[in-house]
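According to the UniProt record's numbering, the residues represented by the sequence shown are 1 to 274, in order.
Structure first, then comments.
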Amino acid sequence: MKQLTEQLAQAVVRPRQRNTYKGSFGKILIVGGNAQFGGAAIMSASAAVYAGAGLVSVATDPVNRSALHARLPEAMILDAASSALETAIRQATVIVVGPGLGTDNAALAILKRVFAAVEQTQVLIIDGSAITLVAAHHLDYPNAQLIWTPHQVEWQRLSGLALPDQTVTASQQAARRIPGIVVAKSSQTHVFVGDDVYENMAGGPAMATGGSGDTLTGIIAAFAGQFQPLKQAVLAAVFVHSHVADIVAMNSYVALPTMVIQELPAYLKQLSES
Ligand SMILES: NC(=O)C1=CN([C@@H]2O[C@H](COP(=O)(O)OP(=O)(O)OC[C@H]3O[C@@H](n4cnc5c(N)ncnc54)[C@H](O)[C@@H]3O)[C@@H](O)[C@H]2O)[C@@H](O)CC1
Ligand SMILES: Nc1ncnc2c1ncn2[C@@H]1O[C@H](COP(=O)(O)OP(=O)(O)O)[C@@H](O)[C@H]1O
Ligand SMILES: [Mg+2]
Numbered sequence: 001m002k003q004l005t006e007q008l009a010q011a012v013v014r015p016r017q018r019n020t021y022k023g024s025f026g027k028i029l030i031v032g033g034n035a036q037f038g039g040a041a042i043m044s045a046s047a048a049v050y051a052g053a054g055l056v057s058v059a060t061d062p063v064n065r066s067a068l069h070a071r072l073p074e075a076m077i078l079d080a081a082s083s084a085l086e087t088a089i090r091q092a093t094v095i096v097v098g099p100g101l102g103t104d105n106a107a108l109a110i111l112k113r114v115f116a117a118v119e120q121t122q123v124l125i126i127d128g129s130a131i132t133l134v135a136a137h138h139l140d141y142p143n144a145q146l147i148w149t150p151h152q153v154e155w156q157r158l159s160g161l162a163l164p165d166q167t168v169t170a171s172q173q174a175a176r177r178i179p180g181i182v183v184a185k186s187s188q189t190h191v192f193v194g195d196d197v198y199e200n201m202a203g204g205p206a207m208a209t210g211g212s213g214d215t216l217t218g219i220i221a222a223f224a225g226q227f228q229p230l231k232q233a234v235l236a237a238v239f240v241h242s243h244v245a246d247i248v249a250m251n252s253y254v255a256l257p258t259m260v261i262q263e264l265p266a267y268l269k270q271l272s273e274s
């Protein structure tokens, strides 16, 4: 088993080239945020913007429009239930589906449309409600560059492994049956990628607050849009998320997602120049 380290993240997050523009750093689409969980989509989108994504759009329930624009004017918005969803998917390089999506029939319909429209070359991060829906409805895995970000209960639903049975060996075997990269989140997150297992020692209980995982999806999306290869981008994102939370936690009892997001640009600057 390998460890996620700051050196690994340093090798990924490099200074920006001069001859670039917003299209050079990824077009991210976040699909999530129903009427109840709009905050999840806003945190995911905010994390993507603050982690350097070139362009970020959010396909969500229109009830979230004012809140999203007020919190994050950098992001664009569309109605996830409208036909604009397919157009936005076509234009994206990286798609996140699931944060705050919910698990009702409307959410299932949106998820199926995402799975039908996504293309093999695109990166698709499947999180939260989307993982629960895939497991509950036995959906076929879409043909794309997949990244799964289950917490332990979502991993139980997806892998069939009860929490006490989620040993590294058992989870690795289960992850082998699922295409793509599996980020199995917990107080000690493991990333399963091919035959390799990476352990994340960064992070701590200050992160145990709603929205921490939503924030991770945005950082992974931003890194996938900016850095290659995909595997290194995901590993660096997982480390950076937890390490920035550790920095916040030095002076704060809780590492609120919005605090972690706020700290991202300064830490990435430091990382890129070290
Ligand atoms: N502000 C917001 O809008 C937020 C929206 N959220 C969204 O809410 C939806 C449901 O998310 P939930 O995570 O509640 O999922 P679930 O509805 O799958 O709930 C998981 C349940 O398992 C329990 N549990 C036990 N051990 C756990 C562990 N190790 N890790 C996580 N849960 C554990 C939790 O307390 C919870 O009751 C997702 O779409 C998510 O993105 C959450 O991220 C919270 C914040
Ligand atoms: N005690 C802890 N130690 C380290 N990391 C934690 C701890 N509790 C939560 N986390 C991290 O916080 C995130 C929680 O994700 P998740 O449960 O999906 O949150 P949400 O859905 O509310 O956004 C994961 O990245 C997890 O590793
Ligand atoms: Mg979550």
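By construction, the Cβ of each residue, glycine as well, lies at the ideal position given by its N, Cα and C atoms.
Being a predicted model, the structure only gives us computed values, none of them experimental.
Query	Result
Alpha helix (DSSP H) runs wholly inside the stretch 95–167, at least 4 long, in chain order	105–117, 128–136, 152–159
Cutoff 6 Å; reference S57; Cβ partners in own chain excluding five residues on either side	L29, M76, A88
Three-state class that DSSP yields for residue 282 in the structure shown	This structure leaves residue 282 out entirely; the chain is present only between 1 and 274.
Identified DSSP bridge partners for H190	A184, E199
Length at least 3, wholly inside the stretch 11–46: the beta strand (DSSP E) runs in chain order	27–31
Beta-carbon separation (whole angstroms), D214 vs A40, contact threshold 8 Å	4 Å
Contact the stretch 58–68 vs the stretch 244–251: 3+ CB pairs below 8 Å	no
C-beta contact flag for V183 and T217 at 7 Å	no
Nonlocal neighbours in the same chain, by C-beta distance under 8 Å from E273, ignoring five residues either side	P15
H69 versus D195: straight-line alpha-carbon distance, rounded	42 Å
DSSP three-state assignment for Q3, whether helix, strand or coil	strand
Close-in-space but distant-in-sequence residues of the same chain around H151 (CB under 8 Å, 5 per side omitted)	K185, S186, G213
Residues sharing a beta bridge with D79, DSSP	T60
Per-residue burial, S82 [other beta carbons within 10 Å of its own, 16 or more giving buried]	exposed
Check: G213 C-beta below 6 Å from any heavy atom of ligand 3	yes
Alpha carbon of L271 to alpha carbon of A9, nearest angstrom	8 Å
heavy atom of ligand 1 below 6 Å from H241 C-beta	no
Local Cβ density within 10 Å of G210, reported as buried at 16 or more and exposed below that	exposed
DSSP three-state assignment for L55, whether helix, strand or coil	strand
Contacts around D104, its chain only, beta-carbon distance under 6 Å, and the 5 residues preceding and following it disregarded	none
Straight-line gap, Y47 to I261 (C-alpha atoms, nearest Å)	According to the sequence as given, residue 47 is Ala; it is not Tyr. So the two alpha carbons sit approximately 5 Å from each other.
When F227, D140, I126, L163 are compared against A11, the one with the closest alpha-carbon	F227
Residue span of the alpha helix (DSSP H) that contains A224, given as start and end	212–226
Proximity below 7 Å, CB of G33 to CB of T93	no
7 Å Cβ cutoff met for G38 and A67	yes
Integer-rounded CB distance, given that I42 should sit under 8 Å from L72	6 Å
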